[in-house]
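I have placed the structure first, in the form of structure tokens, so that the comments after it can refer back to it.
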Amino acid sequence: MLAESTVDETIETDVLVIGGGIGGIFAALYASEGGARVVLLEKGDTRRSGAAGMGISVWHQLLAPGVTLDDVAKDITAIGRSFIGTLGYLPIMKGIINENLIYLGYRDNWEIIHSLERWGVKMKWDNGDYAFYSGPGRLDNIRFHGRNLKKDLSRALKRSAVTVLERTMGVDLLTKDGVIAGATAFNIRTGEFIVIKAKAVVLATGTISRIFNPFNVTALGRFRMLYTYHAGSGDGAAIAFRAGAELVNYEVGGTGAFSDGTRTEKVPFYLVKPGARLYDNMGNRLEWEDCLGGLNTHTQFRLEKEGRAPCFWDGAELPDEWHEGFLAEEWREDLKLHTRPDCQPITAKFLRDRGYDTRKDKIEIVHCKPEHNSIFAGVLYDEYGQTSVERLYAVGDMTGGSTFTGAAQASVFGMRAARHILANLNKLEQVPIHEEQVVAQREMIFSPGRVKRGVEPLEVEVKMRDIVERYCGPERSEGSINWGLWRLRQVRDRFLSELKARDNHELMSAQEVRNLFLMAEGYMVCARERKEGGMMNFRLDNPEKMNVPWGKAIIAQLENGEIKISRRRMPELRPEFRGK
Amino acid sequence: MPVYIDYRKCAHCKICYEICPMDVYGWDEEKEVPYLAHYDECQHCGDCYYDCPQKCIDVTYPVCLW
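Just so you know, the protein sequences line up as chains G and Z, in that order. Counted from 1, the first sequence has number 571 at position 571 by the working numbering; the numbering is strictly sequential. Quick note, the working numbering runs 1000 ahead of the 1-based positions in the second sequence.
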């Protein structure tokens, strides 16, 4: 039953945060502690929403005492790896990322650890100390029991002065003469349409996980056990893009290997580090490559064409303690530093339900599908989390232009954005709300409830994913992308106005589909512009440009409904940050 | 169905309904128990399975993952 509220609620605040994951919660708490009024929207529930919802077990980008960023980069290089997230990255990436953003993610991270502890999260290990990894290539992260990190942060949020609206989706910005006045929101439980007046908006809506069909799609087109989460519909990215914010590196997706079945990165992470083995389908040993899962997507495609796929991970050589830990759903002391159960323990349950014994069963490898979880790609941000639109900030996995993502980067930039807003708050006047915009956005949200015949949002979404995959998958060409864009727009123009919703949840789904279409289009336009190949981008029509340095980042911006492209060299590390 | 709920054990705490990241559950006000309002949205994260204090809910292993 649709519950269309006849009463709009209006809330006035200083800072509106859209998204209640790590980035959003940090932005909200810091802004609130600094004296600002804050409203946070979360379309799920802050206790289990976002990429950290199922638990995380490692906090990255944390330098051990006495260790500098240069040490980490040198150490990584010495063991023959180039490491995404430090300055020893692949040459192809030079010029497409803002190195200063990585540096700041490291530099400001200890403060984050102390804030987490202040808010009741236990960051030290059971022995009372910070559990840095020891050994080469492991100087910059700690293990911790983060199974209920989101619950802890949610508790801190609810104890603070932040107004938290759970089950409430951010719809779109309200502006007056181009200046942000606030946003509209929709409560999927009550059906309320809400207007929030704000002086600054922080977007923190995370990964986009639904532009591609993953492996193991159900008959209904939903995911099962996606590494990130299924809620990633790019709401914040679409809000930013519609407002005219610049996107960066949107053609880049992740690369590497994932496990068939459980579809989680926890398998490759936990197998690669202790040294499991890689095999092709005839039992020939393969070399580990330097990427997630140890097998580059490009290599996987080549092996496929040679008839040697699928490939497998084999953990038979690993110690028993490793297997015990990997298949455990709850952490126990005898597992020592094995933190596997703290992170997505459901995968352990599923492996066991399926009868997998990692001691004797190989795990099949599938290639990583491009996901916009900000390995490079996302809304462009600066050192204070600002997008290219005034008063609009973006933090976390939805941002791009730095290599690192994840909890550490999101929290650091949530903090930095909050502080920047606080420093400027007294200069920001509340801009009046444009009533026509409110009416238009409300109409957009509720119209699927009035469609008589129409189509289900999921059907249209799956069609979009199919088009993107077919014409702009990892292997693509200008010709295939041109055709794909035409088809995407054709489907969009035909069906978005026919989306039908049977309840409030589906009103949200319809809005998610609108957002996804916009970001899918952005992805394809940027992919067409990127003539060079590398990472997850294989331009079959330009084989001679494979792994040529890209030099400049592709920037996309909406201007009068058209996606405009430019290129920009991203800033190198500033001299004052070097050698620290 | 993605989950199996043992209603005999349900303590009516509403935690599953409140925390599900994908809004799979509805709440039956009369019987004070959860029901699957949007079962196709389930991403099998196991949050309801782990967070239910009574262990009423079992997440079933979907065929597509075999």
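Ideal Cβ positions, reconstructed from N, Cα and C, are used throughout, including at glycine.
Cβ-Cβ separation, residue 540 of chain G to residue 477 of chain G (assumed contact under 8 Å), whole Å: Start at 1 with the first residue of the first sequence, and residue 477 of chain G comes out as number 477. Start at 1 with the first residue of the first sequence, and residue 540 of chain G comes out as number 540. Right, the Cβ-Cβ distance comes to about 5 Å (below 8 Å), so this counts as a contact.
Beta bridge counterpart(s) of residue 418 of chain G as assigned by DSSP: Within the first sequence, numbered from 1, the residue matching residue 418 of chain G stands at position 418. DSSP, once it has assigned bridges, lists no residue as partnering residue 418 of chain G.
Residues, ordered as in the chain, of the segment 38 to 63 of chain G that lie near chain Z by beta-carbon distance below 7 Å: 44, 45, 47, 48, 49, 53 and 54
Residue 1045 of chain Z at chain G interface by Cβ criterion, 8 Å: Position 45 of the second sequence, counted from the first residue, corresponds to residue 1045 of chain Z. Residue 1045 of chain Z counts as touching chain G.
Residue 533 of chain G to residue 467 of chain G span [Cα, whole Å]: Within the first sequence, the letter at position 533 stands for residue 533 of chain G. Within the first sequence, the letter at position 467 stands for residue 467 of chain G. Cα-Cα distance, rounded: 21 Å.
7 Å Cβ shell around residue 469 of chain G - same chain, five flanking residues per side excluded: On the first sequence, residue 469 of chain G is found 469 positions in, with the first residue counted as 1. Contacts found: 212 and 213.
7 Å CB neighbourhood of residue 149 of chain G in its chain, flanking five on each side removed: Locating residue 149 of chain G in the first sequence gives position 149, counting from the first residue. Once the five neighbours on either side are set aside, the close Cβ partners of residue 149 of chain G are 52, 55, 56 and 121.
CA nearest to the CA of residue 314 of chain G, picked from G:453, G:285 and G:25: The sequence position of residue 314 of chain G within the first sequence is 314, counting from 1. Closest by alpha carbon: G:285.
Per-residue DSSP class, three states only, for residue 107 of chain G: The residue given as residue 107 of chain G occupies position 107 in the first sequence. In this structure, residue 107 of chain G counts as helix in the three-state DSSP scheme.
Residues of the segment 1008 to 1028 of chain Z whose Cβ lies closer than 8 Å to any Cβ of chain G, in chain order: 1018, 1019, 1020, 1021, 1022 and 1023
Check whether residue 391 of chain G and residue 180 of chain G have beta carbons under 8 Å apart: Within the first sequence, numbered from 1, the residue matching residue 391 of chain G stands at position 391. Within the first sequence, numbered from 1, the residue matching residue 180 of chain G stands at position 180. Yes, Cβ-Cβ distance for residue 391 of chain G and residue 180 of chain G is below 8 Å.
Close beta carbons around residue 161 of chain G, own chain, < 6 Å, minus the five adjacent residues each side: As a position in the first sequence, residue 161 of chain G is number 161, starting the count at 1. Contacts found: 32.
Paired residues, beta bridge with residue 475 of chain G - DSSP: The sequence position of residue 475 of chain G within the first sequence is 475, counting from 1. Paired residue(s): G:538.
Cβ-Cβ separation, residue 145 of chain G to residue 342 of chain G (assumed contact under 8 Å), whole Å: As a first step, residue 342 of chain G must be located in the first sequence, where it is residue number 342. As a first step, residue 145 of chain G must be located in the first sequence, where it is residue number 145. The Cβ separation is near 5 Å, so the contact holds.
Within-8 Å CB hit, residue 1033 of chain Z to chain G: By 1-based counting over the second sequence, the position of residue 1033 of chain Z is 33. For residue 1033 of chain Z, the answer is no, since every Cβ of chain G falls outside 8 Å of its Cβ.
Burial state of residue 127 of chain G (16 or more Cβ within 10 Å): Along the first sequence, one-based indexing puts residue 127 of chain G at 127. Label assigned to residue 127 of chain G: exposed.
The alpha helix (DSSP H) enclosing residue 524 of chain G, as first and last residue numbers: Working through the first sequence from its first residue, we reach residue 524 of chain G at position 524. Element bounds for residue 524 of chain G: 504 to 529.
Other residues of its chain near residue 1045 of chain Z: CB distance less than 6 Å, five sequence neighbours each side excluded: As a position in the second sequence, residue 1045 of chain Z is number 45, starting the count at 1. Taken in chain order, the list of residues that qualify is empty.
For residue 297 of chain G and residue 536 of chain G, believed in contact at Cβ under 8 Å, the rounded distance: What you label residue 536 of chain G is simply residue 536 of the first sequence in a count that begins at 1. What you label residue 297 of chain G is simply residue 297 of the first sequence in a count that begins at 1. So it is a contact: roughly 6 Å between Cβ atoms.
Bridge partners - residue 259 of chain G, DSSP secondary structure assignment: On the first sequence, position 259 is the one that residue 259 of chain G refers to. In DSSP, residue 259 of chain G forms a bridge with G:365.
CA nearest to the CA of residue 363 of chain G, picked from G:258, G:432, G:193 and G:512: Walking along the first sequence from the start, residue 363 of chain G turns up at place 363. Here the closest residue by C-alpha is G:258.
Per DSSP, cross-strand counterpart(s) of residue 169 of chain G: One-based indexing of the first sequence puts residue 169 of chain G at position 169. In DSSP, residue 169 of chain G forms a bridge with G:186.
Spatial distance of residue 5 of chain G from residue 503 of chain G (CA atoms): Position 5 of the first sequence, counted from the first residue, corresponds to residue 5 of chain G. Position 503 of the first sequence, counted from the first residue, corresponds to residue 503 of chain G. Interpretation of residue 5 of chain G is limited by its pLDDT of 48, a score under 50 that renders its predicted location unreliable; no figure is taken from the coordinates.
8 Å Cβ cut-off: residues of chain Z touching residue 345 of chain G: Along the first sequence, one-based indexing puts residue 345 of chain G at 345. Those within 8 Å of residue 345 of chain G in chain Z are 1046 and 1050.
Euclidean distance between Cα positions of residue 474 of chain G and residue 538 of chain G: The residue given as residue 474 of chain G occupies position 474 in the first sequence. The residue given as residue 538 of chain G occupies position 538 in the first sequence. Approximately 6 Å between the Cα atoms of the pair.
Segment contact flag, the segment 319 to 326 of chain G with the segment 549 to 569 of chain G, C-beta cutoff 8 Å, min 3 pairs: no
Residues that DSSP places opposite residue 1026 of chain Z in a beta bridge: Numbered from 1 along the second sequence, position 26 holds the residue referred to as residue 1026 of chain Z. In the DSSP output, where bridge partners are listed per residue, residue 1026 of chain Z has Z:1035.
Beta carbon of residue 1059 of chain Z nearer than 8 Å to that of residue 445 of chain G: To locate residue 1059 of chain Z, count along the second sequence from 1; it is residue 59. To locate residue 445 of chain G, count along the first sequence from 1; it is residue 445. Their beta carbons are not under 8 Å apart, which means residue 1059 of chain Z does not touch residue 445 of chain G by this criterion.
DSSP state of residue 153 of chain G mapped onto helix, strand, coil: Position 153 of the first sequence, counted from the start, is the residue given in the question as residue 153 of chain G. Residue state, collapsed to three classes: helix.
Proximity of residue 202 of chain G and residue 393 of chain G at Cβ, strictly below 8 Å: Residue numbering aside, residue 202 of chain G sits at position 202 when the first sequence is read from its first letter. Residue numbering aside, residue 393 of chain G sits at position 393 when the first sequence is read from its first letter. Against a cut-off of 8 Å, the Cβ pair of residue 393 of chain G and residue 202 of chain G comes out as a contact.
Residue 334 of chain G classed as buried or exposed, judged by whether at least 16 other C-beta atoms fall within 10 angstroms: Locating residue 334 of chain G in the first sequence gives position 334, where the first residue counts as 1. Answer is exposed; the Cβ neighbour count stays below 16.
Exposure of residue 1007 of chain Z, with buried meaning 16 or more beta-carbon neighbours within 10 Å: Working through the second sequence from its first residue, we reach residue 1007 of chain Z at position 7. Result: exposed.
Residue closest to residue 303 of chain G, alpha-carbon to alpha-carbon, out of G:365, G:158 and G:119: As a first step, residue 303 of chain G must be located in the first sequence, where it is residue number 303. Residue G:365 is the option with its Cα nearest to residue 303 of chain G.
Segment contact flag, the segment 191 to 202 of chain G with the segment 419 to 435 of chain G, C-beta cutoff 8 Å, min 3 pairs: yes
Contacting positions in the segment 487 to 513 of chain G - beta carbon closer than 7 Å to chain Z: 505
For residue 58 of chain G, the three-state DSSP class (helix, strand or coil): Position 58 of the first sequence holds residue 58 of chain G. Residue state, collapsed to three classes: strand.
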